[in-house]
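In order, the protein sequence lines correspond to chains A and B.
Residue 1 is where the first sequence starts when you use my numbering, and the numbers rise one by one after that.
Residue 362 is where the second sequence starts when you use my numbering, and the numbers rise one by one after that.
A virtual CB, placed ideally from N, CA and C, is assigned to each residue, including glycine.
There are 2 protein chains.
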Amino acid sequence: MLDLPAAGPLKWLDVIETPAVLIDLDVVEANILRCQAHCSELGFKMRPHIKTHKLPMLAHAQLAAGAIGVTTQKLGEAEIMADAGIEDILISYNIVGPAKLQQLRRLASRAKVTVVADNATVVSGLSDVFANSPSPLDVLVECDTGMGRCGVLTPQAAVAMALEVAASPGLRFAGLMTYPAPKQGNSAAGWLEEAADLLHAAGLKSDIVSSGGTPDLYAMNRHDSVTEYRPGSYIYNDRSLIDIGACKASDCALTVVATVISSPEPNRTIIDAGTKVLTSDLFGMQHYGTIPEHPDFAIVSLNEEHGRIECPSGNAPAVGELLRIIPNHACVVSNMVDYVHLVRGDNYVRAELVAARGKVE
Amino acid sequence: MLDLPAAGPLKWLDVIETPAVLIDLDVVEANILRCQAHCSELGFKMRPHIKTHKLPMLAHAQLAAGAIGVTTQKLGEAEIMADAGIEDILISYNIVGPAKLQQLRRLASRAKVTVVADNATVVSGLSDVFANSPSPLDVLVECDTGMGRCGVLTPQAAVAMALEVAASPGLRFAGLMTYPAPKQGNSAAGWLEEAADLLHAAGLKSDIVSSGGTPDLYAMNRHDSVTEYRPGSYIYNDRSLIDIGACKASDCALTVVATVISSPEPNRTIIDAGTKVLTSDLFGMQHYGTIPEHPDFAIVSLNEEHGRIECPSGNAPAVGELLRIIPNHACVVSNMVDYVHLVRGDNYVRAELVAARGKVE
C-alpha cells in the first residue's frame, strides 16, 4: 500500500560497511500506518516533518498513507521535495533575505507552498516578493505557546500579526502554527483557544492550526484548536522517545551498525562510530545511544570517529564484531550520512541517497 | 609561497547565503606558517591531520609549508587525499574487515600509506592482505599513554605488538603513535621513553614516534621521544582553543555566519544556524560558540536549524542582521557543510567543496 521496495535476497550483514545507518522498512511501514491512524482518529490532518528522514521516497509513503502534504524546515529541503513531485509543502520557518525570498517565489510556482511568519520584517519581505504573484502566498502566524524559540508571544500579538499578513499584498492569512503540541488542558491549549476567539472577533478566519512533535502525539486527545499535526521522529523513533515511553526499542527503524576496532581492556571497547555518525546530541540523557543486544553496555564518550563503550561485566566483544545502536536522536543521524541502507529485518533492500541531507540554507 | 588563491573583487557579505561557513585564508596562512615554524624549531616533522579542514587544497598548502605528509582518520578521507595527489598518508586508525583491507591495499598501490595497530586481529588482517605485496606496509603501534581510547596499555605491550608486526609477512614495524601529546616530564613522556628503551633492548628500530593534538603543541619542548607531530585544529582554531589559551579570536580562520530570523524579545534572538552547522559539541564549555562582535551574547541552546541567543542588555539585533560566530569545535563544523566559502578579510575568494566531508568509512 505504501509502495516501498521489497526485501532483496541478500542479508545486510553481507553488504554493508561500517559505520552504517540502517533503515528497517518493515518498522517504517508500521510506524507510518500507526501514526496516520492515530491522527485520523484525533481528527488531525497529517503533515509529517521530513527533517527526520530527508528521503523523498519516505515522504511519498507518508502521503500514500494519508498525509495531506509535508513539512520542511528549510527552503533547500523543500526544493528537494518539490523536485521529487511533492506538491504541498509547509516551510515552518521564517524566510529572510532577498535571495531566499526569490527562491521561495520560484518554488511557489511549482508547488503549493505555505510559510510562517512571526515578525513584521518577514511579513513585509514576503509581501514584497509575492505582491505581483498570480496567487497569494499562504502564511501561518508562528505562535510561541511555551517553547521560547520563534513565535509571537501572546494571543493578542498573534491577531495583530494575522491582521498584518491579511493586509499585505500577495499574502493570505491561513492560520496559526505552534510547536510543541498544545495538549488539552495545558496552557498552550488555552493560548490557542484564546487566539482563536480573538481572531474570530477580529473577523479573521483561521483555516489551519498546525501543531507538531512526536513526543506529545500519543498523549494528545481530539482537540478543537488543532487541525493538522507535523510529527517527524515517529517514522524512525529513537532512544529519546524510548526514554519518555513514547515507543519501544522494536519500534526504532533507524539503527547504526558499528564495528569493534579495539578492546584494550575487558571492560572497554572502541567502535568505529563517533560524533560523525551518532552526533553529540544527548537530549538530557546519559550516554550516546543504546545497544539492545547488550543493555549493560554504555556508550560513555565519543570523538569524531571513535565511540568508547564501557562493558561493566568485563565482556568486551572481539575486534571485528558488529554492534547495532539505537541513537539518541534519529533526525540528526540522517543528516550525517550521504546514504542510508534500507533493510527489512535481516534482508538488504538497497542503499538510498539522503537527498535532503545538509540542506541548511 | 603556499599557493593559495588571492582575494577577489567582491565582498563576501554580498555573496553568501546563511548559514555559511567562512574560511579566512589570511588567517589560515598565518596559522600554517606559525605552526610549521614551531614544529621545525622543536625538531618535529609535521604531518597535519586533515580532519579539521577536509580540503585537498589546504593539505597541499600544509605540504608546501614543510609538512612531510598528512594524517587522516578514515580510509575514505585518505582516498580523497590520494585522489588529489597527496603522496604520503598516515591513517591513524585500526583498519578492520576484509573490504576495508582490500581498499587499503589498493590505496597503498598509489600512495605511501602508513597505518596503525593496537591488537593482534588488526595485525593479522593487515598481514593477510599485504603478505604478497611488492613492498611492505609500514605499521605504527598505537600506544595509550593516557587517553583511554585505542592503544596498547603498557610499554611492554607496545614491544610485544611491535615484535608481532615485525614477524608478520608484508608488514614493517615503523614506530609508535600516541595521542594526545606526551609533554616533557609527564607520565606519557615517561611511557614513550620506557617503550623506546625496551624496543632497543629487543633489537627493534623505531623510526617514527608520532604524537598529536593542537592543544598541547605550543606547550611542548624539544622532546627526544617524538619525531613527528599531527596537529589538526591549529589551521582553523576555535573557541575550545581560545578557552584554554592556545590562540586568540583573531587566530580563528573558520567562522559561521548566521542571520537573525526572529527577535521575539529584547533579550532573545533566534538565528538560522543550529546543530546542523554548529553541532552539539560543548567540549566542557557553556554555550555553543562565541560572537566576538557581541561578547555579551550567549548562544544558550540549539535545535537542528535554530540557535537561541540571550542578549542580556536587551539589545537583540534586528531581523535580517548577520552574526559571525566562532564555533566551539572547528573540525566538526567542516563536516556539516558541502562547501565552505574562502575569504580574505572582507573579500570573497570562492566557494570550495569539502571533498573529504562525511567520509566515515
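Could you give the DSSP three-state label for C252 (chain A): helix, strand or coil?
coil
Start-to-end residues for the beta strand (DSSP E) that takes in R711 (chain B)
708 to 714
Is the Cβ-Cβ distance between R344 (chain A) and P292 (chain A) less than 9 Å?
no
First and last residue of the uninterrupted alpha helix (DSSP H) at S401 (chain B):
386 to 403
Under three-state DSSP, which class holds S124 (chain A)?
helix
For K520 (chain B), name the three-state secondary structure that DSSP assigns.
This sequence places Val at residue 520 (chain B); Lys is not what is there. In this structure, V520 (chain B) counts as helix in the three-state DSSP scheme.
Against chain A, with Cβ distances strictly below 9 Å, would S641 (chain B) count as a contact?
yes
Cβ closer than 8 Å: which chain B residues qualify as neighbours of C331 (chain A)?
E665
Return the first residue and the last residue of the beta strand (DSSP E) that L342 (chain A) is part of.
339 to 344
Please classify I362 (chain A) as buried or exposed, where buried requires at least 16 other C-beta atoms within 10 Å of its C-beta.
Because chain A here runs from 1 to 361, residue 362 (chain A) falls outside it and cannot be looked at.
Check whether the Cβ of V680 (chain B) lies closer than 9 Å to any Cβ atom in chain A.
yes
Hey, would you say A111 (chain A) sits closer than 9 Å to M81 (chain A), going by beta carbons?
yes
Among B:A562, B:T539, B:A563, which one has its Cα closest to the Cα of W552 (chain B)?
B:T539
For G151 (chain A), the three-state DSSP class (helix, strand or coil)
coil
Would you say Y454 (chain B) faces chain A, with C-beta separation under 9 Å as the test?
yes
Flag K45 (chain A) as yes if its beta-carbon sits less than 9 Å from any beta-carbon of chain B, otherwise no.
no
When the distance is taken between beta carbons, is A246 (chain A) closer than 9 Å to L217 (chain A)?
yes
Checking the sheet assignment: what are the DSSP bridge partners for A49 (chain A)?
Here residue 49 (chain A) is His; the residue named in the question, Ala, does not match the sequence. Its beta-bridge partners are A:T71.
N237 (chain A) CB to nearest chain B CB: under 9 Å?
no
Taking 9 Å as the CB-CB cut-off, is S262 (chain A) touching chain B?
yes
Contact criterion: CB-CB distance below 9 Å. Does P380 (chain B) meet it with respect to chain A?
yes
Three-state secondary structure assigned by DSSP to S133 (chain A)
coil
How would you label E448 (chain B), buried or exposed, when you count the other beta carbons within 10 angstroms and need 16 or more for buried?
exposed
Select from B:D489, B:M362, B:N676, B:L532 the residue whose C-alpha is nearest the C-alpha of P627 (chain B).
B:N676
How would you label G203 (chain A), buried or exposed, when you count the other beta carbons within 10 angstroms and need 16 or more for buried?
exposed
Three-state class that DSSP yields for S233 (chain A) in the structure shown
helix
Do you know offhand how far R239 (chain A)'s Cα is from I299 (chain A)'s?
13 Å
Alpha-carbon to alpha-carbon, N31 (chain A) and L25 (chain A)
10 Å
Evaluate E41 (chain A) with the Cβ neighbour count: other Cβ atoms within 10 Å of its Cβ, from every protein chain shown; 16 or more gives buried, anything less gives exposed.
exposed
Check whether the region 146 to 161 of chain A touches the region 126 to 134 of chain A, taking contact to mean three or more Cβ pairs, one atom from each stretch, closer than 8 Å.
no
Between which two residues does the alpha helix (DSSP H) containing L101 (chain A) stretch?
98 to 108
Where do the N-terminal and C-terminal ends of the alpha helix (DSSP H) with A167 (chain A) fall, by residue?
Segment: none, A167 (chain A) is in no alpha helix (DSSP H) and carries neither H nor E.
Strictly under 9 Å for the Cβ-Cβ distance: is D118 (chain A) near chain B by that measure?
yes
Hey, how far is the Cα of V694 (chain B) from the Cα of A64 (chain A)?
37 Å
Counting C-beta neighbours from all protein chains within 10 Å, is the total for Q464 (chain B) 16 or more, i.e. buried, or is it exposed?
buried
Against chain B, with Cβ distances strictly below 9 Å, would E79 (chain A) count as a contact?
no
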